[in-house]
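Once you know that position 182 of the sequence shown is 181 in numbering that gives the first Met the number 0, the rest is easy, because the numbers rise by one and skip nothing.
We put the CB at the ideal spot given by N, CA and C, even for glycine.
Take a look at the structure below.
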Amino acid sequence: MNWMKTLPIRFARTRFVTAIIPMALILGLASANMAKAGAVYEFSLPADGAVGTLDIKLTFPALLPTGALSVIPLTGSQVTSVTSGTPIDLATSAIGIEVTPTTTLFGVALLNAAQALVLLNVTAPSGASPGDFFVFSRTPAGTGAFTSTAGTVTSDSVLGTSTPVGTLDVSETSVPEPSSALFLTFGLMGISSWRLRRRSA
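This is the structure we're talking about:
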């Protein structure tokens, strides 16, 4: 085929690509709406005697409001990561969290594969409230790092102290919605194509 005869076709394709790149760019960037902020609660403890360090991260759709005690197994969807210096059995371990107007209470019930007690906050004798959970002074909307003001634990292992100091780091995150992320990808592809075309021009 004579290459001269293909020039009109190639020119039309070039004009089409040139026109569609800005459209993809505009649609992609304009449609990249951010999803509603999620909330991350990261609880950590230092090593305590024979029990190693502990870090548990929970993720929720939003900051937790005040409410009753919630017991969450470590295999729950809210648990996004668990790091423990002492082996624990995720299937039989759980955490408890309760938010009040002035405090956030956090407790652990951690067992190993032999079902020996790694670490436990024993609830108050009445069972009405988590009386010996780790207590963090914060309002439901509070974010940042908080240090526990109380908290008592027990273990089948030898502990250095029954009242270790815990840390609770609360933060909010936001990510593009799935559909918006797709449009954003098209937009970024448009930018890349546009830049490559300018360089080759």
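From this set, the options, which residue's C-alpha is nearest residue i's C-alpha?
i      : options                         : result
THR148 : THR99, ALA115, LEU104 and PRO60 : LEU104
LEU44  : ASP168, THR172 and LEU63        : ASP168
SER136 : GLY159, PRO100 and THR151       : PRO100
ASN111 : GLY37, PHE42, GLU41 and VAL50   : VAL50
THR102 : VAL81, THR151, PRO64 and PRO86  : PRO64
VAL39  : GLY48, LEU62 and ALA46          : LEU62
ILE87  : ILE55, VAL70, PRO60 and SER76   : ILE55
SER92  : THR58, SER80 and LEU109         : LEU109
Check this for me: beta carbons of residue i and residue j, under 9 Å apart or not?
i     : j     : result
ILE94 : VAL78 : yes
ALA41 : LEU68 : The sequence given here places Glu at residue 41; Ala does not occur at that position. Not closer than 9 Å, so no.
Between the C-alpha atoms of residue i and residue j, what's the straight-line distance to the nearest angstrom?
i      : j      : result
PRO139 : SER161 : 27 Å
THR146 : PHE133 : 9 Å
THR142 : SER170 : 5 Å
THR153 : GLY159 : 11 Å
ASN120 : SER76  : 22 Å
VAL164 : GLY84  : 16 Å
ALA113 : THR172 : 37 Å
PRO60  : ALA144 : 19 Å
GLY106 : ALA46  : 16 Å
GLY130 : ALA115 : 23 Å
THR151 : ILE71  : 19 Å
THR82  : GLY37  : 21 Å
LEU57  : SER80  : 7 Å
Check the C-beta distance from residue i over to residue j and give it rounded, since I have them as a contact under 8 Å.
i     : j      : result
LEU73 : LEU53  : 11 Å between Cβ atoms; not a contact.
GLY66 : SER156 : With a Cβ gap of about 33 Å, GLY66 and SER156 do not count as contacting.
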